[in-house]
Every structure is written in C-alpha cells, then in structure tokens.
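*Asks:* One structure coming up, written as structure tokens, with questions to follow.
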Amino acid sequence: MSVTLLAGSATASVAVATETPAAAPAAATVAPTAPVENLIVGYKSSATEASSNTAAADDATAKGKKAGKKTKFDRRLGTGAALVNLGGATAPADAANVMAQFRADPDVAYVEPDTRAYAMAVTPNDTEYAKQWDLFESTAGMNVPGAWDTTTGSGVTVAVIDTGYVAHSDVAPNIVAGYDFISTSAEARDGNGRDSNPADEGDWNATDGECGVGSKASTSSWHGTHVAGTIAAATNNSKGVAGIAYGAKIQPVRVLGKCGGATSDIVDAITWASGGSVAGVPANATPAKVINMSLGGSGTCGTSYQNAINAAVARGTTVVVAAGNSNANASGFSPASCNNVINVASTNRAGERSYYSNFGTIIDIAAPGGETRRATDTPGTVTTPENAILSTLNAGTTTPGAESYKPYQGTSMAAPHVAGLAALLKSAKSSLTPAQIEAAIKANARPLPGTCTGGCGAGIADAAATVAAVTSTTPPTGGFENTTDVAIGDNTTVESSITVSGVTGNAPATLKVGVNIVHSYIGDLKVDLVAPDGTVYTVHNRSGGSTDNINQVYTVNASSEVANGTWKLRVNDNAGGDTGKIDSWNLTF
C-alpha cells in the first residue's frame, strides 16, 4: 500500500561579562515607579522589631503617621522581614515618603516596595509570529503561549515520519540525526536505497498519471520541513516562525518520496524512531518519545501498522496521526483508523471543522489545520492564505532552492500541533505514558466554537490547560481528594475512600475522577469508581499492556447518584509479578 502526505494547497508568505555591583545601602533604595500596596522592611538583628511583631506593628504605625499614611504591620516573611501594608494602592510619591521614614531609622537594614513579578514567557520576537493565529487566537488557536510559562519541550525528541528534511535555518538548531527509510532508489531520488541521510530530495511529479490513474503533475511539497517547523521551529531568534515545542528536538525520518511511500518502509520507520531494532539499520541513538505521521492512505488499519504502533507505544512513544483530507469518515483511512494513536482532525480559523477534514467517532481531538480557501471557492484556488498554517518551507519547485515560509492547510498541519503539545507534556512531566498524554489532551480540550458535522473528538486541544492539568499537585476547585497511599499487591483488591459532603443534589453527568496509581504493569489492573449506593463505574479495565502508572482524569456520568456520601476507588490486580499503590485520587463535582 502507498500513502501520501496530508496537506492541501499553499501560497507564498510575505516572507563581555559584567561585574555584579555591591548591594546598595538602605538609604540608596530606588523609589517606586508604580503604585505600591505593601513595603518589605528588614530590620537589623539587634533591633527589637526584628523579633517582636508587636514592636514592628508599633513602628509601622508610627512611621506611617509621620508620612501622613495609615500604615500597619501585616505579617512576618520567611526571611524575617516585616510586610507593611500601606492601606491600598499608594501613589509612588506617597510610598516613597513612607520609605524615607524607614530609611532614616538606623535600626532598619533595608526597605523596598513589594513589587510584582510576571511570567517570563513573553511574546516571541520571531518576525512572522503575528501571523500564527493557530497558536494564540482565542477563538480557534491552541492557547500555546500560556503553556510556555511551564515548558517548552526540552529533553524530548519528536520523530517526523515524512518526506525528510530540507535544510532551513529556522529549524536547524533543533535537528538531531534521523534516517532515510525509502527502499527504492527511484522513489528516493538520492541514487540509493536506505541510508543515514534523511534529506528531502523532492517529491515532485513531472506528468499527470505518473503515480497512478488520476494523479497530477506537481511540484515538490517539502512537507516534512513544514511539519517540523510547526512542532519545533527555533523561537525567540528574531526570524521566521515560532515552534509549539521549541525546546524539543526534531528527528527527520524519511519515508515519502516520489509517489508517496510504502507501508513496509513506514512500519520500519515507526519501529526505529521509537527505539526498536530494524535489520540492517544502526540503532537509533536518540529514540523519540513522540512520533508525528502526517500521512495516510485509504483502507482500514492493517496488522503491520498496528503491530508497529503497539510496539512503539509499549516503548513509551506517543504516536500522533493525521485524520485525512477527504471529508469522509476517518475509519476508512490508515493509519488514522489504527488503535493506540492520537487521531487528529483539522479546524479552521473560525473553530469549525475544516471543509476537507475527515471526521468520525474514531477522531480523538481537533487542532488548527487552517484553510487556504473556503469550501465554496473554486478548487485549486488560494483565496484565504492568512487563514492557513504558516511554517518553514523551501522555494525550490523540484530540487531544493532557497529557504522560505508558506501557509499550508490540511490535517497534516493539525497533527503536528498535537505532537508539539505531546512534547510539552512529556517535558513537563516525564513519567507520563502515551495513554496518559492522550487522556490529558482530551480531558482538557475545549468545545469547538463552530460546528463539526460527523464528529471531531473531544474538541480543540488547549495547550495551556493541558499542561496546567498534568503539572498541578492539587485537585481542581470543587474537588475532594484522598492522598493516603494504599498498597496494591499481586492478585488483590484494595479500596480508597472519599467522603463527599456539602454538595447539593446529584453528581454531574461529567464527574471528573482523577486517578494517580503507581504500578509497574497497568495491564494487570481493573479500576472502578464505586458510588455511595454501591453502583460500580469501570474507568480502566486491564488496558495499556506493559506500560506503567495511571495518571489520568476520567469522566463518569454519575448523574443518577446522590453526590454526598462515601465514594470508593476500587483497584483489582489480576496477575502476579507486578505491584504498586494508589498514590492519590480525587473527585471534581
């Protein structure tokens, strides 16, 4: 079987160490330049106010009175300094007057305004960033900048199984060694079969019908480079575009050449990229924790694909695939119809399903894929390039030319958005399994603001919300939690309880059940939520194979259950050889 890339039409884009100064004396403290609510006052250790809150309170009141402000001692900081409240937002000049009273006191070591700090993930300075609506627009963007406060994907390698990589300075800093898996010299256009050079030699077709009945002559797509830029283009380098996981590394794995690529080559690429062994191919020195496959063909998932994907996931690699661009049910396309993948549909700038995107119940999530034309526009035209996905490309029509940037549309563009998010999650919490990454992305998606006939999964992926969820150490507002460890032995059943009170009426139809189980083989486990009346809701039933740990949020329709009462998490270990514990769990009403 041959597969092809899943992108649509494109159009051109507007394309010496310093010394650390000595600490200034208290008298030289800089005056505030913005309204101030509190001051931080450090007293010398010999001063009574350094150890007595009463003395510090009296001193704050007295000094405020001299400056014409009603000040008061608030609390003692961990450093021993006193926090002095100015009675609300105070003009810089008035705050400076109060500070002057403290500075004049020989018992005061220092006084400074209680200023505010802000997240350092500032807007990238990449010159084309303003055109990347898919990252930041509130309607249909993926809310990526909010995730950068926590993670940029460092420490994670993402394999882009695609056309290979054509050199581009905006991606080059994040490239690691890949491989060319195209077996046939004519399709590879590099004069040989498989080799260690994944350079994209171009996938153009000179004449109609060259790649089968109905195929059309075309220029080279440089598809893999466009996908790579979306995932991990270098960022804050004052040029081009910003990558979603710009701290991650890209491993180009070439499988698509002239007339697409063979399943046999793609299966080997999946195996190698995830750290498996392929005969005749050197071991992968930097196995990928995320694989992106923006490719596909017609037909349901075959055993060859499924076996390779299952093995990759068992090695801890998250596999992200494009749903397809045929405006049809994704169940008829492969690898979109395979199990153990994150299947991604495409949305446009209005938050609707892109007119070309495949759909269906097997879609897991949607992400921006853009539209270079409206569904009603003449096929082949480019009328709305600003509404597509801008990324790194090449200007060569057949062989490589100058590097460039262009907007593309397609589920090929949607999938790398989710692959980039998977890299952010894995970087933020390295213990996450592929199943946990998928569950987190789906649980924290937001509804499409537009329509999706046929089904677009859990909604539009939300990077900031998902990263926040996997890094949070406390249950959400309105939650109840049990953090007491409960050991899980071989072939045993254990329970952990949460008593809920103060909730009116029944539980919701979207009761969130957060489960954190540490276990070396989750395929042994059956996990049930037991309602106060004894009704059992199974949330995990011996899935996940040999992967370890469950850290997921499940959604349970518990609307028939009274909320108040004792809820239980029941865990049944069904085999020997692996043990663990319930680390914590929570309920959110």
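Residue numbering for the sequence shown follows this note's numbering, starting at 3 and increasing by one per position.
Ideal placement from N, C-alpha and C gives every residue a C-beta, glycine not left out.
Please check the pair I490 and V573, which I expect to be a contact at CB under 8 angstroms, by giving their CB distance rounded to whole angstroms.
*Replies:* Against the sequence shown, residue 490 aligns to sequence position 488. Against the sequence shown, residue 573 aligns to sequence position 571. I490 to V573, Cβ: 6 angstroms. Contact.
*Asks:* Tell me which residues share the same chain as V229 and place their Cβ nearer than 7 angstroms to its Cβ, disregarding the 5 neighbours each side in the sequence.
*Replies:* Position 227 of the sequence shown, counted from the start, is the residue given in the question as residue 229. V162, D164, N294, S296, S414, P418, listed in sequence order.
*Asks:* Tell me whether L1 is buried or exposed, calling it buried when 16 or more other Cβ atoms sit within 10 Å of its Cβ.
*Replies:* With the chain covering 3 to 591 only, the question about residue 1 has no answer from this structure.
*Asks:* For S306, which of helix, strand or coil comes out of DSSP?
*Replies:* By 1-based counting over the sequence shown, the position of residue 306 is 304. Here S306 sits in helix by DSSP.
*Asks:* Out of G546, A95, S336, A236, point me to the one whose CA is closest to S306's CA.
*Replies:* One-based indexing of the sequence shown puts residue 306 at position 304. Of the listed residues, the one whose Cα sits closest to S306 is S336.
*Asks:* For V515 versus V558, is the C-beta distance shorter than 8 angstroms?
*Replies:* Mapped onto the sequence shown, residue 515 falls at position 513. Mapped onto the sequence shown, residue 558 falls at position 556. Yes, these two residues count as a Cβ contact at 8 angstroms.
*Asks:* Taking all protein chains shown into account, decide if P108 is buried (16 or more other Cβ within 10 angstroms of its Cβ) or exposed.
*Replies:* Locating residue 108 in the sequence shown gives position 106, counting from the first residue. With fewer than 16 other Cβ atoms within 10 Å, it is exposed.
*Asks:* Assign P381 to one of two classes, buried (16 or more other C-beta atoms within 10 Å of its C-beta) or exposed (fewer than that).
*Replies:* Stepping through the sequence shown from its first residue, residue 381 is reached at position 379. Exposed, by the Cβ-count rule.
*Asks:* If we ignore side chains and look at the alpha-carbon of each, how far apart do A28 and A466 end up?
*Replies:* Taking the first residue of the sequence shown as position 1, residue 28 is located at position 26. Taking the first residue of the sequence shown as position 1, residue 466 is located at position 464. At A28, the pLDDT of 35 sits below 50, so the modelled position is not reliable; the number obtained from the coordinates is stated separately. Going by the C-alpha atoms only, they are around 41 angstroms apart.
*Asks:* I'd like to know if the stretch 263–281 and the stretch 308–318 are in contact, where contact means that at least 3 CB-CB pairs between them fall below 8 angstroms.
*Replies:* Counting Cβ pairs under 8 angstroms, three or more are found: they touch.
*Asks:* Assuming contact is defined by CB atoms lying nearer than 8 angstroms, are L527 and H542 in contact in what I supplied?
*Replies:* Position 525 of the sequence shown, counted from the first residue, corresponds to residue 527. Position 540 of the sequence shown, counted from the first residue, corresponds to residue 542. Against a cut-off of 8 angstroms, the Cβ pair of H542 and L527 comes out as a contact.
*Asks:* Cα separation between D575 and T495?
*Replies:* By 1-based counting over the sequence shown, the position of residue 575 is 573. By 1-based counting over the sequence shown, the position of residue 495 is 493. Whole-angstrom Cα-Cα distance: 6 angstroms.
*Asks:* Look up K251 in the DSSP assignment and give the residues it is bridged to.
*Replies:* Mapped onto the sequence shown, residue 251 falls at position 249. Per DSSP, T159.
*Asks:* Who are the near neighbours of D585 in its chain, counting only those whose CB is closer than 8 angstroms to its CB and skipping five residues on each side?
*Replies:* By one-based count along the sequence shown, residue 585 stands at place 583. So the qualifying residues of the chain are T485, D487, N518, I519, V520.
*Asks:* To the nearest angstrom, report how far apart C458 and A332 are at their CA atoms.
*Replies:* Locating residue 458 in the sequence shown gives position 456, where the first residue counts as 1. Locating residue 332 in the sequence shown gives position 330, where the first residue counts as 1. Cα to Cα, the separation comes out at about 10 angstroms.
*Asks:* Using C-beta distances below 8 angstroms, list every residue in its chain close to N199, excluding the 5 sequence neighbours before and after it, in chain order.
*Replies:* One-based indexing of the sequence shown puts residue 199 at position 197. Only D182, D192 meet the Cβ criterion.
*Asks:* Going by CA-CA distance only, name the one from K68, N127, A447 that's closest to A463.
*Replies:* By one-based count along the sequence shown, residue 463 stands at place 461. When each option's Cα is compared against that of A463, the closest is A447.
*Asks:* Check whether the stretch 405–412 touches the stretch 167–177, taking contact to mean three or more Cβ pairs, one atom from each stretch, closer than 8 angstroms.
*Replies:* Enough Cβ pairs lie closer than 8 angstroms, so yes.
*Asks:* Short check: CB of V173 to CB of G231, under 8 angstroms?
*Replies:* Residue numbering aside, residue 173 sits at position 171 when the sequence shown is read from its first letter. Residue numbering aside, residue 231 sits at position 229 when the sequence shown is read from its first letter. Yes, Cβ-Cβ distance for V173 and G231 is below 8 angstroms.
*Asks:* Please state whether DSSP places L494 in a helix, a strand or coil.
*Replies:* The sequence position of residue 494 within the sequence shown is 492, counting from 1. For the record, residue 494 in the displayed sequence is Thr; it is not Leu. Reduced to three states, the DSSP call for T494 is coil.
*Asks:* Curious, which full-length alpha helix (DSSP H) runs of at least 4 residues does the stretch 58–140 contain?
*Replies:* Within the stretch 58–140, the complete alpha helix (DSSP H) runs of at least 4 residues are 94–105, 135–138.
*Asks:* For Q554, which beta-bridge partners are listed by DSSP?
*Replies:* As a working note, residue 554 is residue 552 in the sequence shown. Q554 is bridged to V517.
*Asks:* Grab me the residues of V100's own chain with a C-beta within less than 7 angstroms of its C-beta, minus the 5 sequence neighbours each way, in chain order.
*Replies:* In the sequence shown, counting from the first residue as 1, residue 100 sits at position 98. Here the set comprises L41, K65, G66, A69, K71, T73, L88.
*Asks:* Does the beta-carbon of K218 have 16 or more other beta-carbons within 10 angstroms, so that it is buried, or is it exposed?
*Replies:* Residue mapping note: residue 218 aligns to position 216 of the sequence shown, counting from 1. Its Cβ having fewer than 16 others within 10 Å, K218 is exposed.
*Asks:* Could you spell out the range, first to last residue, of the beta strand (DSSP E) harbouring S235?
*Replies:* The residue you call residue 235 lines up with position 233 of the sequence shown. In the sequence as presented, Ser is not what sits at residue 235; that position holds Ala. From DSSP, A235 is part of no beta strand (DSSP E); its letter is neither H nor E.
*Asks:* Apply the 10 Å Cβ neighbour rule to D535 and answer buried if 16 or more other Cβ atoms are within range, or exposed otherwise.
*Replies:* Residue numbering aside, residue 535 sits at position 533 when the sequence shown is read from its first letter. By the neighbour-count rule (16 or more Cβ atoms within 10 Å), D535 is not buried but exposed.
*Asks:* If we require 3 or more residues per run, which beta strand (DSSP E) segments fall completely within the stretch 153–201?
*Replies:* Runs found: 159–164.
*Asks:* If distances are taken between C-alpha atoms only, which option among S223, A93, G456 comes closest to W206?
*Replies:* Taking the sequence shown and counting its residues from 1, the one referred to as residue 206 is at position 204. Closest option to W206, Cα to Cα, is S223.
*Asks:* Please say whether T374 and Q411 have beta carbons closer to each other than 8 angstroms?
*Replies:* Residue numbering aside, residue 411 sits at position 409 when the sequence shown is read from its first letter. Residue numbering aside, residue 374 sits at position 372 when the sequence shown is read from its first letter. Yes, they are a contact pair.
*Asks:* Could you please give the first and the last residue of the uninterrupted beta strand (DSSP E) stretch that includes S370?
*Replies:* Within the sequence shown, the letter at position 368 stands for residue 370. The sequence given here has Pro at residue 370, not Ser. Note, P370: beta strand (DSSP E), 367–370.
*Asks:* Please list, in chain order, all residues of the same chain as A577 whose beta carbon is under 6 angstroms from its beta carbon, the five residues on each side excluded.
*Replies:* Locating residue 577 in the sequence shown gives position 575, where the first residue counts as 1. Cβ within range, chain order: D526.
*Asks:* My guess is that R376 and T386 are in contact by the Cβ rule of under 8 angstroms, so how many angstroms apart are they, rounded?
*Replies:* Counting from one through the sequence shown, the residue named residue 376 turns up at place 374. Counting from one through the sequence shown, the residue named residue 386 turns up at place 384. About 6 angstroms; that satisfies the 8 angstroms criterion.
*Asks:* Taking C-alpha atoms, which residue in P254, T400, K241 lies nearest to D197?
*Replies:* Here residue 197 is taken as the residue at index 195 of the sequence shown, counted from 1. For D197, the nearest C-alpha among the options comes from P254.
*Asks:* For a quick check, are the C-beta atoms of A425 and V158 less than 8 angstroms apart?
*Replies:* Numbered from its first residue, the sequence shown carries residue 425 at position 423. Numbered from its first residue, the sequence shown carries residue 158 at position 156. Yes.
*Asks:* Tell me which residues share the same chain as P436 and place their Cβ nearer than 6 angstroms to its Cβ, disregarding the 5 neighbours each side in the sequence.
*Replies:* Locating residue 436 in the sequence shown gives position 434, counting from the first residue. Result list for P436: V315, T320, in chain order.
*Asks:* Among I391, C261, A470, V160, which has the Cα closest to the Cα of A430?
*Replies:* Taking the first residue of the sequence shown as position 1, residue 430 is located at position 428. The option with the nearest alpha carbon to A430 is A470.
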